[in-house]
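Take a look at the structure set out below.
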Amino acid sequence: GAGVSQTPSNKVTEKGKYVELRCDPISGHTALYWYRQSLGQGPEFLIYFQGTGAADDSGLPNDRFFAVRPEGSVSTLKIQRTERGDSAVYLCASSLVGGTQSSYNEQFFGPGTRLTVL
Amino acid sequence: DQQVKQNSPSLSVQEGRISILNCDYTNSMFDYFLWYKKYPAEGPTFLISISSIKDKNEDGRFTVFLNKSAKHLSLHIVPSQPGDSAVYFCAASGGDYDRGSTLGRLYFGRGTQLTVWP
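For the record, the sequence lines run as chains P and W. Sequential numbering from 1 applies to the first sequence in my numbering. Sequential numbering from 1 applies to the second sequence in my numbering.
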């Protein structure tokens, strides 16, 4: 079956602009995660959805970042007033259910969206 | 505060030899550990995992060892193959209950670039 897909694959924007990044999880996966990977770093957690609700948004760096998952499937990460420091690869992952990770509940990652803020 | 650390940014190994990638963590509440492999322009893919109730898990050429007292885990690849050349991320989940953080959130190290040469 299809894996996690993310669009666009690349996004170049100017400082101060608004951007939206989209994630299509694996069909049937109820849990969805957003991570951000800056150059030379590992992925850093942003937010986790269980169904339609954000179960944990403690990783969002500030109120310019917001994410939604209105129907419990596709999710959109929204960044307002972008700054150069927002430049990174934004990764989305999904898992069958939320909660404890296990060999039966691993997170599957998409290819990411590379965001460049000029 | 980096709770998962991979202190070797790179490792170079000859084909057929053993590759040993190391990872240390600081949060004693972590109860599940994973290794992800990442090729350029792709998302991380799950490789192998281990629960904190075990000290070893083996899957084909890949073995993960966990030393809870030392808060250390390692990934052994035997024999190494050129196709194993990639960035390897160590990740952990669990813990942080005091902050109300949900289970399932992954904490990643910075990664180790493995190069296997013929």
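From the three backbone atoms N, C-alpha and C, an ideal C-beta is built for every residue, glycine too.
- Alanine 55 of chain P and glycine 16 of chain W have their C-alpha atoms spaced approximately 45 Å apart.
- When secondary structure is reduced to three states using DSSP, aspartate 59 of chain W falls in the strand class.
- Here glycine 42 of chain P is buried. Its C-beta has 16 or more other C-beta atoms within 10 Å.
- Using beta-carbon distances, arginine 61 of chain W does not count as an interface residue toward chain P, since no partner is under 8 Å.
- Restricting attention to P:Glu14, P:Thr82, P:Phe66, P:Thr30, the CA atom closest to the CA of arginine 22 of chain P is found in P:Phe66.
- In its chain, beyond the 5 residues on either side, Ser94, Ser95, Leu96 have a beta carbon closer than 7 Å to the beta carbon of histidine 29 of chain P.
- The three-state secondary structure of glycine 112 of chain P, taken from DSSP, is coil.
- Residue environment: glutamine 37 of chain P is assigned as buried (16 or more neighbouring CB atoms within 10 Å of its CB, all protein chains considered).
- Restricting attention to P:Lys11, P:Leu39, P:Glu71, P:Thr7, the CA atom closest to the CA of glutamine 50 of chain P is found in P:Glu71.
- In the DSSP assignment, arginine 17 of chain W falls outside any beta strand (DSSP E) and carries neither an H nor an E.
- The DSSP-derived three-state label of glycine 104 of chain W is coil.
- Secondary structure of aspartate 84 of chain W (DSSP, three-state): helix.
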